[in-house]
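Protein chains in written order, with this note's numbering: chain V, 1008 to 1143; chain X, 92 to 214; chain D, 405 to 1049; chain U, 7 to 301.
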Amino acid sequence: MSWKPKIVAFFCKWCAGSAADLAGVSRLQYPSNIIPIIVPCTGRISARNIIEAFMNGADGVLIGGCHTPNDCHYLAGNFKAFKRVYLLKKLLKQVGIEPERLRIEWISATEAKKLVQVTNEFVKEIKKLGPLHRGE
Amino acid sequence: MSNELYRKIVEISGRNPYLCYQCGTCTAVCPVSVFMDVKPHQIIRYIQLKRIDLEKLKSIWTCLACMACVDRCPRHVDPGIIFEAVRNLVLRRGEDAVDYFKLKDLDKVPTMALIALSRKMTG
Amino acid sequence: MEESRIGVFICHCGRNIAGTVDIKKVVEEVKKLPGVVYVKDYIYMCSDPGQKLITEAIKREKLNGVVVAACTPSLHYETFARAVEAGGLNRFRYEMATIREHSSWVHFHDKEGATEKAIRIIAGAVAKVSQNKPLEPIRGKVTKKVLVIGGGIAGMTAALDLANAGIPVILVEKSPTIGGKMAMLAETFPTLDCAQCILTPKMAEVARHPNIKLYTLSEVIDIEGFVGNYRVRILKHPRMVDPDKCTVCSFCERVCPVKVPNEFDRGLSMRKAIYIPFPQAVPSAYAIDTEHCTKCGLCVKVCPVKAINLDEKEEIIEEEVGAIIVATGYDLYPGERLKEYGYGKYKNVIDSLQFERLLSTSGPTGGQIVRLSDGKPVKDIVFIQCAGSRDENHLPYCSKICCMYTAKHALLFKEQVPDGNVYIFYIDIRAAGKGYEEFIKRVQEEFHVNYIRGRVSKIYEDEDGKLVVIGTDTLTGEELTIKADLVVLALGMIPTLDRDLAAKLKVPQDEYGFAQEVHPKLRPVEVATTGVFVAGAVQGPKDISETVTQASAAASKALQMLLYGEITREPVIAEVDRDRCNGCRICVSICPYDAISMVDGKAKVNELVCEGCGACEAACPVDAIKLRNYTDQQLHTVIKAVLSR
Amino acid sequence: MKLLYYPGCTVKRNAIEYEKSSLAVLEKIGVNALELDKWYCCGALYSLAIDDLMKHLGAVRTLIYAQKKSREENTRDLLTICPMCFNVLKRVNKMLREEPEKLETISSFMDEEEPYKFNINVVHIIEVLNKKIDELKKNIIRNTGDTGVSVYYGCTVLRPKEIGIDNPEDPSIIENLLRKLGVKVVDNPYKSMCCGAYHILDKPELVYNNSKTIVEEAYKRGAKVIVTICPLCLYNLRKTIETFDKKVDVKIIYLTELLAYMLGLDHVLDKELIDFFNTVFIHDTKINNSMRREA
């Protein structure tokens, strides 16, 4: 059996989360490896949440939020998430996890196609990187 | 054919002719538009329609790239830059737009004129 | 915490879910999840019998948590929440697992993967609900009073609507009179009503309304509090003339030695340092321009009613209000930035509001259209539309009203100068509105106005003092030179919303500075901060009728909130574990709503202000602040649950 | 004040008087212009095609050479007097800064040169004169009385606006400078309209048409002198006057020639030109003396 990566997707409920709903309504198809966890805002996602995901078996973490600058329902949660991801990527590199395993994207509620495209790309990328070795 | 020309124009200029709403600012500010049979905004229109007949768009050679239209274009279509792309299309086929034997007062005119003209008309 | 007794209800959604997801397998796997005591699948869970399944199971199985695995919560969250409540369970002890939109519909070529994913999604929901706390909606009191900022036609309309409904209104206006830009206009399109004639009765009504408290020469300097309970501080600049005593006898004005350009005439006339902007001003009283007054005291001496006090100081007033309406209006784009048109360089190049003043019978020329350079009559006039609008170098947007007012200008000019020549340079004529197209048609048909589809490249003055307008007619492709006596620029609209004030009100601004509404179609007068509403051109370019419509809408939204008497809010907000909080204030700085304050060295969340984004929890270094039902602990259980197996 | 100086072809061949007067004026006001001992053709016209990087090579090489010099001489400003050179060098410099990946491609065509580190700042003599206005004022010994002087900018120091030294629609930097020096300036609405430039070679009638408007507008408003900062503009305007049926009494000169005259730097001016200046500018010695006293 070929290896299937596990990917956690934190989607904000206003933009990327709605896009995921729309992808469903439009019957767009994408790989089933991505498991969505819906949060109120990408600004809610802490560095620890992301690390927990990697620690618990995720091979990749995707964050989907609202477009900058003005789309965030909570004014600037997307900027906060962006900054955290930016810093966390540096940290991941230091501890030997490829920073490409973490990705943040702005996907508006109408951009179901973008969600699918990003998902496809990301799954491909993670497949290329292979399973995340967690010191077993 | 026209589609291919259109694609090249966009590629060389980096501008989007579809943004043009035909306001005519380029023609109004062009210092040499009176010497053009097809006016700057009309050239952009032909390109927008993908009806690109290089023979018909000859007035691009009258354009001096003075940048007046580029500075004022309200949609950043920047006709002056698109014209350069059209000129390049012709030049890259190896066709020159100047006959050096017909130039006047070559000995008296400042050198910069000859260099500039060569740059525009022979690539 | 009591032991979890979670029931999971799996919907087939006909074949929508069951056609792809192996329901039998899901049921089996879900049964194994920790805390799950009951699993039931059904063909249509949202149907009456389906809902009954949930209600009855809660009672029968003594469930303390429910997961409905079906479609997206935006569709049926409320449906199942009611079923859960009917079973006697708090709705926050229920979650939906979206296995249709997020699994069966998007993976129907991968039945195995879809089934697997559905199980993971349900596992996540089960993990979350097992730690969800039951919550009750938060209720708060409302102060039945509204602050309206801006006394133009938008602010006045909103204030009157509210006042007539019995709500007290504080109306704050920064200039000495209300009336706004509309007071400067001559006639208004498309009906050609005289602006003053329809405006001044409204101004008088505002002035005498018992429910409206008017503060002119005032500005809002500080806003504290939250929806329903705002405390505002208003800075009242000294008027130095007691409006109750002033009889507008004008003695003071006659003796005042200081002359400055009159802003009401947009600099086309001069006024004194003691002045009344226009005769019908409200309040009907003089005011002293403190910036220019030399305090010579001549006016004090001549005032027959002793209304002038040059020692009057500014004053700070505090008011409590429940809602705020922002109606600060617009300004014209600075014409000086359009160097090509010579605005500011040549006297006879003017803007559209200056032309309104020339047309107005109360204006600097008594309604006579003349050349400003020498007072000679105007025979040839050029109007330039989109002066600054629809231009990436200036204002990328359409200012919306210029097409109409330019047509009106042309008509009013032709009425005064029937043998005059009018040229209008335009790009497109936008006349969408009741009676608008007909108006344009009339201007063309009856008044023979020359509409020129094209642009102007430059304008300069020749030796005879005529303006040389050089442009192009795009339809003929020909160059055009017109000698004109007057050129009127239809300058675009820019919002007047001070960044400081916007920040204090937490009104988001779009890239141009206009107030950003929550939704352009469905919630056009609300902004992200609950309890703050916008009206008029501050939200986007608008004509008078639209402004009035929006002002009434804003008033009715405010009224809705105030008349209900209390506000209810979602309880999914942040809360602080005071034992853990070390008072670092990171959450205070990160909160976009200023909902967190420090009380006794520890963070405290204002329940009525918090919108529940959770940014504070993500930032808290000691895990002291939590977003209810989205705590880190919960998220980590969810992460583990969706990744296990 | 020390500057690196890039002359360009025309200044060395057809506009020697422009260079002479410019350098003399700069020297007088304490600006040391160090001519690069190695420079390349700027290309005269900036290529607008985004894929045509080769055409920027000469300009890039010049910038790199200036960068070397800038370390020795401890100045980063590269002075130009020819507006076309200014235009090309400044635009290439800006393009490299904004799109460093293009510099990479261009660099692959060059083996010898050191990498360009965006160290150079391209300036035009007008900007330098404007900065040194007080020095100019101090050194003036002749004024120009009531004689109208009109300015013709041409386009290349103004456009595109991102690199221009003033607003291209209504520039005033040179007029303001002259006004501060007591010159009676005559406005010309066509002061930034293109004269026709290189079309003098292949479409002279176009140049005559545009230049005629420029000259006539200035003349109508009472200008006796039109100052320019471009050898080609100067040539075109002069050539156009020759085609007039009716002689117009207006002379086209370089701005720096006028300044040299006002500063008394007669050794860099032709005798003929000095004679012309002496006749056209009727001096008021009183003002002259008082200005000298002030200085």
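For every residue, glycine included, the Cβ atom is placed at its ideal position computed from N, Cα and C.
A quick note: this is a predicted structure, and the numbers were derived from the prediction, not measured.
- Legend: CB atoms of the region 851-882 of chain D lying less than 8 Å from CB atoms of chain X belong to residues R857, G858, R859, V860, S861, K862, I874, G875, T876, D877, T878 and G881.
- Residue contact check for D/S949 against chain V: no CB pair falls below 9 Å.
- Taken through DSSP and simplified to helix, strand or coil, D/H480 comes out as helix.
- The region 39-50 of chain U and the region 117-128 of chain U do not touch, with fewer than 3 CB-CB distances between them shorter than 8 Å.
- Under DSSP, the beta-bridge partners assigned to U/H130 are U/T86.
- Of the residues assessed, D/T483 falls on the buried side of the cut-off, its CB having 16 or more other CB atoms within 10 angstroms.
- Taking all protein chains shown into account, V/Y1093 has fewer than 16 neighbouring C-beta atoms within 10 Å of its C-beta and is therefore exposed.
- Considering only beta carbons, the part of the region 471-482 of chain D lying closer than 7 Å to chain V consists of T476 and S478, in chain order.
- By the neighbour-count criterion, in which a residue is buried when 16 or more other Cβ atoms sit within 10 angstroms of its Cβ, X/N94 is exposed.
- Per DSSP, the unbroken beta strand (DSSP E) holding D/Y830 starts and ends at N825 to Y830.
- In chain order, D669, L672, S673 and R761 place their CB closer than 7 Å to the CB of D/P768, counting only its own chain and leaving out the 5 sequence neighbours on each side.
- Closer than 9 Å to the CB of D/G746 there is at least one CB belonging to chain U.
- In the three-state reduction of the DSSP assignment, U/I35 falls in the coil class.
- Residue-level contact check: U/D276 does not touch chain X, since none of the beta carbons of chain X fall below 9 Å from its beta carbon.
- Between D/Y840 and U/F92, the alpha-carbon positions lie close to 52 Å from each other.
- Inclusion of D/E591 and D/L901 in the CB contact set at 9 Å is not warranted, their separation being larger than that value.
- Looking at the DSSP output, D/I627 bridges to D/V636.
- Taking a cut-off of 8 Å for Cβ pairs, the region 538-547 of chain D and the region 590-609 of chain D do not touch, as fewer than three such pairs fall below it.
- For D/Y446, the beta-bridge partners assigned by DSSP are D/C415.
- Looking from the CA of D/A689, the closest CA among D/E722, D/K663, D/F655 and D/K705 belongs to D/F655.
- Annotation: D/V704 to D/R989 spans about 54 Å, alpha carbon to alpha carbon.
- The C-beta separation of D/K743 from U/E105 comes to about 29 Å, leaving the pair out of contact by the 8 Å criterion.
- Residue X/Q113 holds the alpha-carbon nearest to the alpha-carbon of D/R859 among X/Q113, X/K99, X/I151 and X/L96.
- Contact check for V/G1067 against V/F1018 fails: the beta carbons are separated by 9 Å or more.
- Put simply, the CB of X/D196 is near chain U, with a gap under 9 Å to one of its CB atoms.
- Closest in C-alpha terms to X/R178, from the list X/T118, X/L110, X/R210 and X/Q139, comes X/R210.
- Under the Cβ criterion of 9 Å, V/C1048 is counted among the residues facing chain D.
- D/E520 has a beta carbon lying within less than 9 Å of a beta carbon in chain V.
- For D/C1017, the neighbours in chain V by C-beta distance under 7 Å run, in chain order, P1047, C1048, G1050, R1051, Y1081 and G1084.
- The three-state secondary structure of V/H1080, taken from DSSP, is coil.
- Within the same chain, and ignoring the five residues on either side of D/V425 in sequence, the residues whose Cβ sits closer than 7 Å to its Cβ are I503, S507, S508, A518, T519 and A522.
- When the five nearest sequence neighbours on each side are left out, the beta carbons in the same chain lying within less than 7 Å of the beta carbon of D/I948 are those of I557, M586 and T592, in order along the chain.
- U/T234 carries a strand assignment under DSSP once its states are collapsed to helix, strand and coil.
- Chain-order list of chain D residues neighbouring X/T116: R859, by C-beta distance under 7 Å.
- With 16 or more other Cβ atoms from the protein chains shown falling within 10 Å of its own Cβ, D/V471 counts as buried.
- Each of D/E657, D/E460, D/D514 and D/K818 was checked against the Cα of D/E489, and the nearest Cα belongs to D/E460.
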